[in-house]
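Numbering (the numbering used here), first residue to last: 813 to 1108.
Every residue, glycine too, gets a C-beta built ideally from N, C-alpha and C.
The model shown is predicted, which means the values in this text are computed figures rather than measured ones.
Here's the structure, in structure tokens; my notes come after.
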């Protein structure tokens, strides 16, 4: 199964291509990234990184094509990997209109209404779309002993708060920690309060059923994802070992392209976009609570 990548200004281009190739070479998937297209106008700040990611992907055996049409005419599915989430919907639409399954890298979009339109389009037209942060597939999330915790009532979580000038505030890296807690206990965010400083974002999320999450997204601290879960019966702490995360993530991605159900609900991903957008709006208002729009 031939896959095509769209966008070269992300390390995910070689990282995902290599891992898919490893699965293919071991006979574990028919999928293989065979071509990629560079739409230009790169949003990663270091052009040397982009050049390296391109050359590495060529070394893996993928061919760079000259146009979107050439790419879409030669593949069975696409990966939208451009780093800037503002461009994802535009880059994914031609593939979806052709009926090709699409993985759209994080963040799905940087605009809630745009994300909602993607969801509605996929529901009406039957387009198969998968979008997710890799953190949803950290092994530590599967290892939570929910029976010993009882009902979860609160989560304290932290992760990197790296910024990218092409995307507003929380969208570039805040999506990882927000999606991690969504994977742990599901949707239902009601409102968000966020404070932004040069060194970090502090984000509170209040859920409609009373659950409460507090996130600290650090820009100077160690690159680390961790959380403390508070339940009615107990408390559980974990720190993500990121080493195997990409391989687990790419394994689920391959199964999706082979015809499996998207391993993350697009509806829930759209809600996380609403959370991030509300967080940015709150930070602009010095932490005032901002409502998260509901998603059907």
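How would you write the range of the alpha helix (DSSP H) that residue i sits in, first residue to last?
i: residue 906; result: 900-909
i: residue 989; result: 986-997
i: residue 953; result: 951-954
i: residue 959; result: 958-961
i: residue 1068; result: 1057-1069
i: residue 983; result: Premise fails: residue 983 is in no alpha helix (DSSP H) and is neither H nor E.
i: residue 1086; result: 1078-1095
i: residue 1100; result: Segment: none, residue 1100 is in no alpha helix (DSSP H) and carries neither H nor E.
i: residue 891; result: Residue 891 -> not in any alpha helix (DSSP H); beta strand (DSSP E) instead, spanning 889-892.
i: residue 862; result: 859-871
When the distance is taken between beta carbons, is residue j closer than 8 Å to residue i?
i: residue 1030; j: residue 978; result: no
i: residue 924; j: residue 1089; result: yes
i: residue 940; j: residue 1074; result: yes
i: residue 946; j: residue 1081; result: no
i: residue 1166; j: residue 1056; result: The chain is shown only over 813 to 1108; residue 1166 falls outside these bounds and no answer can be derived.
i: residue 862; j: residue 816; result: no
i: residue 965; j: residue 1044; result: yes
i: residue 849; j: residue 880; result: yes
i: residue 841; j: residue 1066; result: yes
i: residue 1025; j: residue 1094; result: no
i: residue 954; j: residue 1084; result: no
i: residue 1069; j: residue 851; result: no
i: residue 899; j: residue 872; result: no
i: residue 830; j: residue 1059; result: no
i: residue 824; j: residue 968; result: no
Following the continuous beta strand (DSSP E) through residue i, name the residue where it begins and the one where it ends.
i: residue 818; result: 814-818
i: residue 1016; result: 1012-1019
i: residue 1030; result: 1024-1030
i: residue 844; result: 844-849
i: residue 1008; result: 1001-1008
i: residue 940; result: Taken as a continuous stretch (DSSP letters only), residue 940 belongs to no beta strand (DSSP E), as it is neither H nor E.
i: residue 1039; result: 1038-1043
i: residue 970; result: 964-972
i: residue 838; result: Careful: residue 838 lies outside any beta strand (DSSP E) and carries neither H nor E.
Just the C-alpha distance for residue i and residue j, rounded to the nearest angstrom, thanks.
i: residue 844; j: residue 915; result: 14 Å
i: residue 826; j: residue 985; result: 19 Å
i: residue 919; j: residue 930; result: 13 Å
i: residue 1017; j: residue 1049; result: 19 Å
i: residue 820; j: residue 909; result: 22 Å
i: residue 938; j: residue 963; result: 35 Å
i: residue 1096; j: residue 1015; result: 13 Å
i: residue 1071; j: residue 1078; result: 16 Å
i: residue 922; j: residue 983; result: 6 Å
i: residue 877; j: residue 869; result: 13 Å
i: residue 1036; j: residue 973; result: 10 Å
i: residue 1022; j: residue 996; result: 16 Å
i: residue 858; j: residue 975; result: 14 Å
i: residue 911; j: residue 1076; result: 20 Å
i: residue 1000; j: residue 1020; result: 6 Å
Between residue i and residue j, how many whole angstroms is the CB-CB distance? I'm expecting something under 8 Å.
i: residue 903; j: residue 892; result: 5 Å
i: residue 894; j: residue 956; result: Going by Cβ atoms, the distance from residue 894 to residue 956 rounds to 33 Å, so no, they are not a contact pair.
i: residue 1061; j: residue 949; result: 5 Å
i: residue 896; j: residue 855; result: 4 Å
i: residue 1086; j: residue 1107; result: 7 Å
i: residue 989; j: residue 1027; result: 5 Å
Let me confirm a value: residue i is counted as buried when at least 16 other C-beta atoms fall within 10 Å, else exposed. Which label applies?
i: residue 865; result: buried
i: residue 1054; result: exposed
i: residue 981; result: buried
i: residue 838; result: exposed
i: residue 1009; result: exposed
i: residue 889; result: buried
i: residue 1011; result: exposed
i: residue 1047; result: exposed
i: residue 867; result: exposed
i: residue 901; result: buried
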